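The block underneath contains the structure these notes are about, expressed in structure tokens.
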Amino acid sequence: MNILILGSGGREHAFAWKIAQSPLCDSLFVAPGNAGTASVATNLSISFNDFDAIANAVLENNIELVIVGPEEPLVNGVVDYFESREDLAKVKLIGPNKAGAQLEGSKDFSKKFMQKYAIPTASSQTFTAETLAIGLEYLESHPLPIVLKADGLAAGKGVIIAEKHAEAEIAFKEMLLDGKFGSAGNKVVVEQFLKGIELSVFVLTDGEHYKILPEAKDYKRIGENDTGLNTGGMGAVSPVAFADANFLRKVDEKVVKPTLNGLKSEGIKYVGFIFIGLMNIKGEPFVIEYNVRMGDPETEVVIPRIQSDFAMLMASTAKGTLNDFDMQISPQVAVTTVVVSGGYPGDYEKGKVITGSDKVEDVYLYHAGTTFNGNTEVVTNGGRVMALTGLANSLENAVHKSQRAAQAVQFEGKYFRHDIGVDLIRYND
Numbered sequence: 082m083n084i085l086i087l088g089s090g091g092r093e094h095a096f097a098w099k100i101a102q103s104p105l106c107d108s109l110f111v112a113p114g115n116a117g118t119a120s121v122a123t124n125l126s127i128s129f130n131d132f133d134a135i136a137n138a139v140l141e142n143n144i145e146l147v148i149v150g151p152e153e154p155l156v157n158g159v160v161d162y163f164e165s166r167e168d169l170a171k172v173k174l175i176g177p178n179k180a181g182a183q184l185e186g187s188k189d190f191s192k193k194f195m196q197k198y199a200i201p202t203a204s205s206q207t208f209t210a211e212t213l214a215i216g217l218e219y220l221e222s223h224p225l226p227i228v229l230k231a232d233g234l235a236a237g238k239g240v241i242i243a244e245k246h247a248e249a250e251i252a253f254k255e256m257l258l259d260g261k262f263g264s265a266g267n268k269v270v271v272e273q274f275l276k277g278i279e280l281s282v283f284v285l286t287d288g289e290h291y292k293i294l295p296e297a298k299d300y301k302r303i304g305e306n307d308t309g310l311n312t313g314g315m316g317a318v319s320p321v322a323f324a325d326a327n328f329l330r331k332v333d334e335k336v337v338k339p340t341l342n343g344l345k346s347e348g349i350k351y352v353g354f355i356f357i358g359l360m361n362i363k364g365e366p367f368v369i370e371y372n373v374r375m376g377d378p379e380t381e382v383v384i385p386r387i388q389s390d391f392a393m394l395m396a397s398t399a400k401g402t403l404n405d406f407d408m409q410i411s412p413q414v415a416v417t418t419v420v421v422s423g424g425y426p427g428d429y430e431k432g433k434v435i436t437g438s439d440k441v442e443d444v445y446l447y448h449a450g451t452t453f454n455g456n457t458e459v460v461t462n463g464g465r466v467m468a469l470t471g472l473a474n475s476l477e478n479a480v481h482k483s484q485r486a487a488q489a490v491q492f493e494g495k496y497f498r499h500d501i502g503v504d505l506i507r508y509n510d
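Going by the numbering used here, the first residue of the sequence shown is number 82, and it counts up by one from there.
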């Protein structure tokens with residue numbers, strides 16, 4: 082079949098790299114893609130939010146399966162758009178419709194959903210500008226620290242953890258009155274702070290059946306030892322030492338099954354990925370958030386551990402035959418280190434020539450923010466530039482491979498964290 086992937090990051094390069102290996106895939110396209118996807122697929126210069134242009138490309142290239150990488154087109158209704166057009170009726174999409182995408186698109190919706198279906202999560206209340214005074218009273222008596230979340234999509238920046246009541250009140254007003262996160266902050270969820278250790282569990286569902294993919298832990302902060310500003314992710318590890326079989330069984334019973342049953346009860350036919358951000362609190366899972374797509378850079382450690390044909394896995398999901406698919410997972414450990422542009426997650430320059438990637442050996446190199454500068458040179462085109470994944474029989478060796486590769490890649494202003502996975506080595510000891 083002919084397949085189209087929407088997106089331009091490391092997640093989409095990992096998808097494309099894996100799908101290109103499948104005999105099921107005749108032609109592979111990525112829109113808009115990056116310099117890495119260009120090596121395994123045909124890049125289409127189309128925004129993933131330009132639904133008309135995507136539809137035209139699908140028809141022109143006889144595409145039968147569309148895999149939606151990022152959350153934005155899902156929240157904006159790309160699946161609903163395809164379903165509304167008769168000429169696209171035969172095209173299958175991996176990703177939920179607009180109703181299902183609310184799990185990520187609205188924090189208020191997801192919190193109410195979890196409460197309704199008894200899914201363990203932090204206690205919370207939601208406020209708007211109209212209920213500002215009530216919200217400020219609520220904040221005054223709330224135990225510290227206080228978590229404030231913009232209701233809508235805010236590019237991963239809509240969460241504030243306030244250590245003081247005054248700090249929480251300022252952030253609360255900035256979001257509701259000053260439009261700090263635009264329309265995403267028209268509602269603010271005030272949430273209990275959960276103390277534990279974080280991980281992510283990924284579920285793939287065809288609407289009836291599901292598979293749990295390898296779990297992962299990512300590293301959000303820009304600085305070593307989890308200090309500094311939040312980013313889109315500086316690295317990831319899979320599997321996760323503190324998520325043993327007993328804990329993952331609890332995740333399945335207390336979170337995954339109630340979530341999928343809840344979606345059915347709401348009349349939502351959900352096809353695609355559910356990323357469940359979890360906190361492990363003394364061996365018990367609590368949901369921090371849902372995402373309606375795979376994580377990035379978690380995908381870059383999950384995909385290398387899936388030994389089965391990924392295109393066939395996607396086709397089985399689209400056809401509703403996921404239950405019949407035999408998914409094989411490697412027992413090896415994957416560690417990815419993300420190299421980023423100088424200044425990220427703040428202001429950074431683009432167009433820096435990348436060298437050394439041809440010298441990288443024994444790792445999977447996934448492009449994220451890269452493009453071509455008019456000739457054959459690959460240059461930086463984003464904050465997160467590349468993810469370098471080491472796969473090995475031990476965590477120590479996987480860390481070593483990934484870090485060595487991150488050192489080899491060169492561009493002006495390059496930065497990466499040197500401690501990805503190190504905390505889990507200590508945990509294992």
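By construction, the Cβ of each residue, glycine as well, lies at the ideal position given by its N, Cα and C atoms. Predicted model only: the values in this text are computed from it and were never measured.
(request) Could you check the C-alpha separation between residue 392 and residue 196 for me, to the nearest Å? (result) Indexing the sequence shown from 1 puts residue 392 at position 311. Indexing the sequence shown from 1 puts residue 196 at position 115. Between residue 392 and residue 196, the C-alpha separation is close to 36 Å.
(message) I need the straight-line Cα distance from residue 337 to residue 191, nearest angstrom please.
(response) Counting from one through the sequence shown, the residue named residue 337 turns up at place 256. Counting from one through the sequence shown, the residue named residue 191 turns up at place 110. Each residue's Cα considered, the two are about 14 Å apart.
(request) Report the partner residues of residue 292 according to the DSSP bridge assignment. (result) Sequence index remark: in the sequence shown, residue 292 carries index 211 (1-based). 285, per the DSSP bridge assignment.
(request) Please state whether DSSP places residue 105 in a helix, a strand or coil. (result) As a working note, residue 105 is residue 24 in the sequence shown. Coil at residue 105, not helix or strand.
(request) Can you tell me the Cβ-Cβ gap for residue 319 and residue 415, rounded? I've got them flagged as a contact below 8 Å. (result) Taking the sequence shown and counting its residues from 1, one reaches residue 319 at position 238. Taking the sequence shown and counting its residues from 1, one reaches residue 415 at position 334. Taking C-beta atoms under 8 Å as the contact rule, residue 319 and residue 415 qualify, at a distance of about 5 Å.
(request) Would you check if there are 3 or more beta carbon pairs closer than 8 Å linking the segment 417-435 to the segment 99-113? (result) Because the criterion of three Cβ pairs below 8 Å is not met, the segment 417-435 and the segment 99-113 do not touch.
(request) Report yes or no: do the segment 148-158 and the segment 176-191 share at least 3 C-beta pairs separated by less than 8 Å? (result) Taking 8 Å as the limit for Cβ pairs, the verdict is that the segment 176-191 does touch the segment 148-158.
(request) Report the option in 482, 449, 208 whose CA atom is closest to the CA atom of residue 267. (result) Sequence index remark: in the sequence shown, residue 267 carries index 186 (1-based). Nearest neighbour of residue 267 by Cα position, chosen from 482, 449, 208, turns out to be 208.
(request) Count the CB pairs spanning the segment 296-303 and the segment 366-375 that are closer than 8 Å, and state whether there are at least three. (result) Counting C-beta pairs closer than 8 Å gives fewer than three between the segment 296-303 and the segment 366-375, which falls short of the contact rule.
(message) My output table needs one value for residue 501: the three-state DSSP class, helix, strand or coil.
(response) Reading the sequence shown from its first residue, position 420 is the one you call residue 501. Assigned with DSSP and collapsed to three states, residue 501 falls in coil, not helix or strand.
(message) Could you give the first and the last residue of the continuous alpha helix (DSSP H) run that contains residue 183?
(response) As a working mapping, residue 183 is identified with position 102 in the sequence shown. Its alpha helix (DSSP H) spans residues 179-186.
(message) Let me check one thing: in DSSP terms, what residues is residue 299 bridge-paired to?
(response) Stepping through the sequence shown from its first residue, residue 299 is reached at position 218. Answer by DSSP bridge pairing, in chain order: 317.
(message) Please return the same chain residues whose Cβ sits closer than 7 Å to the Cβ of residue 130, not counting the five positions on each side in sequence.
(response) Locating residue 130 in the sequence shown gives position 49, counting from the first residue. Around residue 130, the same chain offers 153, 154, 157 as residues with beta carbons nearer than 7 Å, after the five sequence neighbours per side are excluded.
(message) Going by beta-carbon coordinates alone, are residue 147 and residue 125 separated by less than 9 Å?
(response) By 1-based counting over the sequence shown, the position of residue 147 is 66. By 1-based counting over the sequence shown, the position of residue 125 is 44. Going by beta carbons, residue 147 and residue 125 fall outside the 9 Å limit.
(request) Inspect the beta-carbon positions of residue 361 and residue 278 and report whether they are closer than 9 Å. (result) Along the sequence shown, read from residue 1 onward, the residue named residue 361 stands at position 280. Along the sequence shown, read from residue 1 onward, the residue named residue 278 stands at position 197. A distance below 9 Å separates the beta carbons of residue 361 and residue 278.
(message) Given this structure, state the Cα-to-Cα distance separating residue 273 from residue 223, to the nearest angstrom.
(response) Residue mapping note: residue 273 aligns to position 192 of the sequence shown, counting from 1. Residue mapping note: residue 223 aligns to position 142 of the sequence shown, counting from 1. Each residue's Cα considered, the two are about 8 Å apart.
(message) Looking at the strands, I want to know which residues DSSP matches up with residue 465.
(response) By 1-based counting over the sequence shown, the position of residue 465 is 384. Residue 465 pairs with 421.
(request) Counting only the same chain and skipping the five closest in sequence on each side, list residues whose C-beta sits under 6 Å from that of residue 144. (result) Here the question's residue 144 lines up with position 63 in the sequence shown. For residue 144, where only same-chain residues beyond five positions count, the Cβ hits under 6 Å are 83, 85.
(message) Suppose contacts are defined by Cβ-Cβ distances below 9 Å. Is residue 353 in contact with residue 312 by that definition?
(response) Numbered from 1 along the sequence shown, position 272 holds the residue referred to as residue 353. Numbered from 1 along the sequence shown, position 231 holds the residue referred to as residue 312. With a cutoff of 9 Å on beta-carbon distance, residue 353 and residue 312 are scored as not near each other.
(request) Classify residue 339 as buried or exposed, calling it buried when 16 or more other Cβ atoms lie within 10 Å of its own Cβ. (result) On the sequence shown, position 258 is the one that residue 339 refers to. By the 10 Å Cβ count, residue 339 comes out buried.
(request) Return yes when the Cβ of residue 401 is within less than 9 Å of the Cβ of residue 288, no when it is not. (result) As a first step, residue 288 must be located in the sequence shown, where it is residue number 207. As a first step, residue 401 must be located in the sequence shown, where it is residue number 320. It is a contact, given that the beta carbons lie within the stated cut-off.
(message) Let me make sure I understand the geometry here. Which of 383, 307, 343 has the alpha-carbon closest to that of residue 500?
(response) Within the sequence shown, numbered from 1, the residue matching residue 500 stands at position 419. Of 383, 307, 343, the smallest CA-CA separation from residue 500 is found for 307.
(request) Could you please give the first and the last residue of the uninterrupted alpha helix (DSSP H) stretch that includes residue 481? (result) For this step, residue 481 is matched to residue 400 along the sequence shown. Here the alpha helix (DSSP H) through residue 481 covers 476-489.
(request) Measure the Cβ-Cβ separation of residue 421 and residue 341 and say whether it is below 9 Å. (result) Counting from one through the sequence shown, the residue named residue 421 turns up at place 340. Counting from one through the sequence shown, the residue named residue 341 turns up at place 260. For residue 421 and residue 341, no; Cβs fall outside 9 Å.
(message) Comparing C-alpha positions only, which one of 92, 169, 201 sits nearest to residue 358?
(response) Translated into the one-based positions of the sequence shown, residue 358 becomes position 277. When each option's Cα is compared against that of residue 358, the closest is 201.
(message) Just list the residues that DSSP pairs residue 448 with in beta bridges.
(response) Mapped onto the sequence shown, residue 448 falls at position 367. Beta-bridge annotation (DSSP): residue 448 is paired with 467.
(message) Do residue 467 and residue 91 have their beta-carbon atoms positioned less than 9 Å apart in this structure?
(response) On the sequence shown, residue 91 is found 10 positions in, with the first residue counted as 1. On the sequence shown, residue 467 is found 386 positions in, with the first residue counted as 1. Yes, the Cβ-Cβ distance between residue 91 and residue 467 is below 9 Å.
(request) In angstroms with no decimal places, state the Cα-to-Cα distance between residue 138 and residue 96. (result) Numbered from 1 along the sequence shown, position 57 holds the residue referred to as residue 138. Numbered from 1 along the sequence shown, position 15 holds the residue referred to as residue 96. Roughly 19 Å between the two C-alpha positions.
(request) Name the two residues that bound the continuous alpha helix (DSSP H) containing residue 137. (result) For this step, residue 137 is matched to residue 56 along the sequence shown. Taken as a continuous stretch (DSSP letters only), the alpha helix (DSSP H) holding residue 137 covers 132-141.
(message) In the DSSP assignment, the beta strand (DSSP E) including residue 340 goes from what residue to what residue?
(response) Position 259 of the sequence shown holds residue 340. For residue 340, there is no enclosing beta strand (DSSP E); the residue is part of the alpha helix (DSSP H) that begins and ends at 338-346.
(request) Decide if residue 344 is buried, meaning its Cβ has at least 16 other Cβ atoms within 10 Å, or exposed. (result) Locating residue 344 in the sequence shown gives position 263, counting from the first residue. Result: buried.
(request) Please state whether DSSP places residue 322 in a helix, a strand or coil. (result) Translated into the one-based positions of the sequence shown, residue 322 becomes position 241. DSSP places residue 322 in coil when its eight states are reduced to three.
(request) Pick helix, strand or coil for residue 162, following the three-state DSSP scheme. (result) Here residue 162 refers to the residue found at position 81 of the sequence shown. In the structure shown, the three-state DSSP call for residue 162 is helix.
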